[in-house]
Structures are given as structure tokens and as C-alpha cells.
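Undergrad: Shown below is the structure under consideration.
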Amino acid sequence: MRRTLERHWYAYAMVAPVVVVLAVLVLYPLVQGIWFTLTDINESTIANPVLDRPASYSFVGLRNYLNVLSGDPSFGSFWSTLLRTVIWTGSCVVLTYGVGLGLAMLLNRPMRLRALYRVLLILPWAVPVFISAFAWKFMFNSQFGVINQLLGALGLGQPVWLGQTDLALVAVVIVNVWVGVPFMMLALLGGLQSIPADLYEAAEVDGATPWQRFRDITLPGLRSVSSTVVLLGIIWTFNMFPVIYLVTGPAANPNTRILVTYAFERFFSGASRDYAVASTYGVLILSVLLVFAAFYRRALRRQEAFA
Amino acid sequence: MTIETLPVQPVVARVPLRGKRSRGRSIGLHAALTVASLIAVFPVFWVLVTSFKPDARAVAPTIRLFDESSLANYADVLSGQQGDFLAWVANSVEIALLTTVIAVFLSATTAYAVSRFRFPGSRKLLMSFLLVQMFPFAVLIVPLFNVLLALGLQGTSIGLVLVYCTTSVPFCTYMLKGYFDTIPGDIDESGRVDGLSPFGVFWRLVLPLARPGLAVTAFYAFLTAWGEVAFASAFLSASDESKTLAVGLQVFVQQNRVEWGHLAAASILVAIPAVAVFYLVQRFLVTGLAAGAVKG
């Protein structure tokens, strides 16, 4: 132990600030958050030094978990919300990845105006998300929004996009895909550029069809990039808050409710500010993600073993 | 609409000479990219057009590019007639800059240590950074609120900066580690031979070389703090002058009455600098991304 310290003291000294910060601002709160899920903490029982009021919440065991996991609508219909979150995440990630890959492949070739296309296509990334959310909320306006006016001009129906129907979910998916494609596209473009061109030439000489070349060269060549961006995309989308909150808000729409937005509702806008249930949702979200990440890593490793 | 315009045929990325591509395919390629670019640009363009219209004309029953357009919305927003816009800008800049400075400084030292020294625990540390990436704000929102209450920082910008560091620091560390890995270790060694301390090597040799990486990381930290909505909505006090832009702009979108023209003008004012900076750094972004997030 002493020798380890002597040999590595400078490394530890350089790491120390971050470890301290993470311990104080992530680890300690995490432990505390898990503790809160076992209590009945809310706005009136949390300690408030400003009002000179001590904490008065008490231990309630697993009551919050039982309430939430029962799927009771007054606790956010956990199971159907989870299902909606999975649908939301799945469709967003599949579409962003698909569109991002398609555009990356179109851009990955010498042609006129390439730099211009690239700059235009990453524009959505440059716009702050809250601005994009407002812009789309405006365009989705059922009577005066430009989307419905265009649909009307084409003689198509003019649906109420952001009403209390599942169409609202479609709308937020569209927004999120628009927001997310540039990142995917750039990351995948980087990946495509690292695939050696002679692989394609050799395959072409051997008479491989475009589809075969895509399947046997492009996709395997992108594997490491893809696995990272897909995992990141899933985590980010699962936890995506501003798009849903700002596009369908300020009043929460149950048809676009995902786990994270519901936790926020419980924390922020409920009548009683039920911090205990908000924490419970937080811990459940984290558990789902951890289980998922574990499976994801194992699946990747198996895939690599086969390759 | 995004779905339908997907380039359906995944054209294989090879590197042909332009002449080898048939005319039809060339037209298809440009058509697909043009449509995609239009979809990417249109919402921004539409907000720009709307920002010149009076609130009442922004939601007219027929589409018009210009309708009693003027700079009135901008004047209102900037003069503070509609919300305390300049105060929001000041708050957002202050919070985002502080977060950036703290996050980049902290993460640079750690990233360097993890990149250069094999010490017990280094792998675990890196793993924990990845794990923290996964934390939804929902897990931490209540306890952080509690911590800030206890410290008397609830409702202040310093409190928010601390909160943003929890997300920025792990991510920045991860990105910078990837960047430091690309700087050859020989440089460190020759610095050591010339008598520099380990910290001296880091400060005098490696940091200057890592400037592009630092720039990208700083940009990232800035943007996360700049555009954050959830914590800012929940943790800042209700008074108008303490809000950030992400929270403040919501006042234009009230339940019954939406001031679209003013909102659009404010949005453009926020987006222009962001887009400009983005345009300047986008070149580095690709390499920074490839080195940091992707290769890990």
C-alpha cells in the first residue's frame, strides 16, 4: 500500500479533485437518493434551513416501490409508461441511426457541394435543444402550424399533432430524430472514413453486389463506432427530457409521458411535490439502464467472438 | 416526414472517381442530400421568418413569408418589454462559463493521469465515468436539491454550476482521455529528461498540445450548461431575473396565450451565436468525437 502510494502519488494527486467532486456531488447524492426512496419525503417534510425547519420525513420501507410497481395510475402507471419509454427510445434510436447512416454514406464520397451539405446537415445540432423544441412546437400547431398548412395544401388531413393522442408521441419522435441525426451522421462518417477503400475495390473485383459490400464490409467496419453511438443514443434518448417537456408542455401530456418526464412531474409540478416517488422513479430508471447496459455489453462481446 | 425522405437504397461507400458515377445516380444523390438539407434547415428558417412578424400574424391561417414584418419583436425582447431577456442571457453566460472553466480544469488533470499512468484503480475510475453518464437526472434531482438546500445554494447560479459539473466532468474526462492518448508519450519523456516535474510536463507540454481537444471539450461543457432545461427549471428561484434562457423563454409559451413572434425573435438571438461558434469548431468536432467518444 505504502509503495503503491509512493510510486503513484502524482497520479493520485491529479485524480483527487475529480474523485472528491464526484464523491460529493454524485456518489453521496446517489446513496441519499436511494435512501429517500424508502421514506415519505416531500416538500413539507424535507429539511429547509431557510425556513429553519428540520427534516421530518420517516422511513416507510418499500411502500414507494410497491406503489409504483403496482402500475397504479396515480403513481404514473409505471408499466405502461415503461413500455412507452421503450417504444420512444427504440423508434428514436432506430430512425436516428438509419437516417444518420444513410446520410453519412451519401456524404462519404467525392462530389460537388459536399462541404456545404455537411454544414447544412449538422445545423440542427448547433441549435440549442430548447430552441428546436419551441420551433417544432410552433410548426406542429394544429391550425396555424406550417406542417398542417403544407399537408392541407397537398390535400391531406390536418391532424391535431400535440393533442391528447398517440400522435403526440409521433410528433416528439420526429423532433428528437431531427435533433439527433447530426451527431449520428458525423460519428458514422468518421467511422466510414476509417474503412480502407481497397476492401471495396477487392470486393467489387470479386463481383460482390452493392448490398453484399454494405453487409460484409461497411457494417462490420462500423461495428465499434456503431456499438458506442447506439449505446449512447439509447441512454440519451431514454433520459431525454427537454424535447418532450418543451414540445408537449407546459401541461404534461400523458400520451408522451416517459419515465423521466414523470419523475420530473412528481418532483416539480405535482400538488405535493412528492420527492420520494420522484426518487423511486429515478432509481428504477437507473436500474433499467444498468441491466440493459450489462446485456448490451455481453451481446457485443459474443458478437465479437463470432466475428 | 423525416422517415419518408430517408435514402432508401444504402449506396455503398466506395471511393470512385466522379466520372464513374452515372448521371442518374448523381442526380439521385444530390436530390437526396438536398431534401435532407432542406429538412435540416427549414425549422430554423421558419423561426427566422416568424421572428419578424407580429404575434398575431405569426399564426395566420395562410402561409406567408412576410406579413407586416418588422424588427419590432427584436426591439421588444432586447429592451426587456417582454421578459427580462438580457438578464437571462447574463445568467446563462455566467453559469455556462463557470461550468466550462471548472469542468475543463478538473477533467484535464484527471484525464491526463488516466491516460499516462497505469495506477491501481485507473480502470475502475474510467468505468465509473461511463456509468455516471448513464445517470438520469431523475436519480439525482431530489438529493442534489437537498444538498443545495442544506448549503443555502438552492435557487442560486452557483448551485446550478455545481449540479452541471456532475454531468460535465465525467464526460469531459472521457473525451480528453481519448485526446491525450493521441499525443505521443515520447514528449512526456523528453520533458522529464529536461527536468520537468510530472505536473510541469502536463502543464507546459501536454496542455498546449491538447488545445484542440480542450477547445472541443470546453465547447461541449458550455453547451450542456447553456441548453439544460430540467435542473434549471426546478432549481432556480421563480423570480424573473434569476432565470436562464432555457427557462426564461418558456414565459412566451403560456397556457392560453403564446407570443410566437416574440418567442421566435428571442430564439434567433440565442441561436445565432451558438450556430456561429458551432460553425467555427465543427471541423474539430469530427476529430474530437472520433478520438474521444468513439474510440474511447
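Chains G and E, in that order, give the protein sequences.
Position 224, counted from 1, in the first sequence is what the numbering used here calls 381; the numbers after and before it change by one each time, with no gaps.
Position 282, counted from 1, in the second sequence is what the numbering used here calls 275; the numbers after and before it change by one each time, with no gaps.
All residues carry an ideal CB built from backbone N, CA and C; glycine is no exception.
#1: Please list the residues of the segment 248 to 265 of chain E that have a C-beta atom closer than 7 Å to any C-beta atom in chain G, keeping them in chain order.
#2: Name, in chain order, the residues that DSSP records as bridge partners for Phe216/G.
#3: Does chain G have any CB closer than 8 Å to the CB of Ala286/E?
#4: Please report whether the beta-carbon of Ala290/E lies at a distance below 8 Å from any beta-carbon of chain G.
#5: Bridge partners for Leu148/E per DSSP, in chain order?
#6: Can you say whether Glu461/G is buried or exposed, counting buried as having 16 or more other CB atoms within 10 angstroms of its CB?
#7: Following the continuous alpha helix (DSSP H) through Asn84/E, name the residue where it begins and the one where it ends.
#8: Does the Cβ of Met120/E have 16 or more other Cβ atoms within 10 Å, making it buried, or fewer, making it exposed?
#9: Identify, in the order they occur along the chain, each residue of the same chain with its Cβ nearer than 6 Å to the Cβ of Pro0/E, setting aside the five sequence neighbours on each side.
#10: Taking just the CA atoms, how far does Ala269/E sit from Thr27/E?
#11: Tell me whether Val8/E is buried or exposed, calling it buried when 16 or more other Cβ atoms sit within 10 Å of its Cβ.
#12: Along the segment 67 to 100 of chain E, where does the CB come closer than 8 Å to a CB of chain G? Name the residues.
#13: Taking all protein chains shown into account, do 16 or more other C-beta atoms lie within 10 angstroms of the C-beta of Ile95/E, making it buried, or fewer, making it exposed?
#14: Please report the distance separating the alpha-carbon of Leu106/G from that of Val162/E.
#15: Is the Cβ of Ile56/E closer than 8 Å to any Cβ of chain G?
#16: Can you pull out the residues from the segment 137 to 171 of chain E whose beta carbon lies closer than 8 Å to at least one beta carbon of chain G?
#17: Among Leu416/G, Arg455/G, Thr394/G and Glu200/G, which residue has its Cα nearest to the Cα of Thr253/G?
#18: For the alpha helix (DSSP H) that Thr405/G lies in, which residues bound it at each end?
#19: Within its chain, find whatever has a CB closer than 7 Å to the CB of Thr246/G; leave out the 5 residues flanking it on each side and keep chain order.
#20: Report the neighbours of Trp293/G on chain E: residues whose CB is nearer than 8 Å to its CB, in chain order.
#21: I want to verify the contact list: residues of chain E whose CB lies under 8 Å from the CB of Phe398/G, in sequence order.
#22: What's the gap between the Cα of Tyr167/G and the Cα of Leu189/E?
#23: Cβ of Cys158/E within 8 Å of Cβ of Leu182/G?
#24: Helix, strand or coil, according to DSSP, for Val246/E in the structure here?
#25: Which stretch, first to last residue, makes up the alpha helix (DSSP H) that contains Arg269/G?
#26: Could you give the first and the last residue of the continuous alpha helix (DSSP H) run that contains Val338/G?
#27: Using CA coordinates, which residue listed in Ile56/E, Ala65/E, Ala83/E and Phe45/E is at the minimum distance from Lys236/E?
#28: Let's see if you can read the secondary structure: which residues bound the alpha helix (DSSP H) around Asp69/E?
#29: Spatial neighbours of Ile415/G within its chain, please: C-beta separation below 7 Å, excluding the five flanking residues on both sides.
#30: Taking the alpha carbon of Val303/G as the point to measure from, which residue in Ser72/E, Pro177/E and Thr55/E has its own alpha carbon closest?
#31: Step through the CB atoms of chain G and report whether any lies within less than 8 Å of the CB of Pro201/E.
#32: Using a Cβ-Cβ distance under 8 Å, would Val244/E count as near chain G?
#33: Which two residues bound the contiguous alpha helix (DSSP H) that contains Glu361/G?
#34: Between Gly76/E and Asp233/E, is the Cβ-Cβ spacing less than 8 Å?
#35: So with Cβ pairs under 8 Å, would you call Val404/G a contact of chain E?
#36: Take Gly171/E as the anchor and find which of Phe245/E, Val251/E, Ser100/E and Thr160/E has the nearest alpha-carbon.
TA: Taking the structure as given:
#1: Listed by position along the chain: Gln248, Trp253, Leu256, Ser260, Val263 and Ala264.
#2: Thr196/G
#3: Because Ala286/E sits at a pLDDT of 44, beneath the cut-off of 50, its placement in the model cannot be relied upon, and the point is left open.
#4: Here chain E has residues from -6 to 289 only, and residue 290/E is not among them.
#5: Note on identity: in this sequence residue 148/E is Gly, with Leu being the wrong assignment. Paired residue(s): Leu229/E.
#6: exposed
#7: Phe78 to Arg109
#8: exposed
#9: Here Pro0/E scores only 40 on pLDDT, less than 50, and its place in the model is too uncertain to base an answer on.
#10: 22 Å
#11: Unreliable positioning characterises Val8/E in this predicted model, as indicated by a pLDDT of 47, which lies under 50. The coordinate reading is nonetheless provided below. Per the 10 Å Cβ criterion, exposed.
#12: Leu99 and Ser100
#13: buried
#14: Beyond the ends of chain G as shown, which are 158 and 464, falls residue 106/G; an answer cannot be given.
#15: Interface residue, yes.
#16: Leu137, Phe138, Asn139, Val140, Leu142, Ala143, Gly145, Gln147, Leu155, Val156, Cys158, Thr159, Val162, Pro163 and Thr166
#17: Considering only Leu416/G, Arg455/G, Thr394/G and Glu200/G, the residue with the shortest C-alpha distance to Thr253/G is Thr394/G.
#18: Pro399 to Thr405
#19: Ile391, Thr394 and Phe395
#20: What Trp293/G touches in chain E: Pro36.
#21: Phe130, Val222 and Ala223
#22: 13 Å
#23: yes
#24: Three-state result, Val246/E: strand.
#25: Note, Arg269/G: premise wrong, no alpha helix (DSSP H); not H, not E.
#26: Leu324 to Gln350
#27: Ala83/E
#28: Ala65 to Ser72
#29: Thr238, Arg241, Thr242, Trp245 and Ile401
#30: Of the listed residues, the one whose Cα sits closest to Val303/G is Thr55/E.
#31: no
#32: no
#33: Ala354 to Val362
#34: In this structure, Asp233/E lies closer than 8 Å to Gly76/E by Cβ.
#35: no
#36: The shortest C-alpha to C-alpha distance from Gly171/E to any of Phe245/E, Val251/E, Ser100/E and Thr160/E is the one to Ser100/E.
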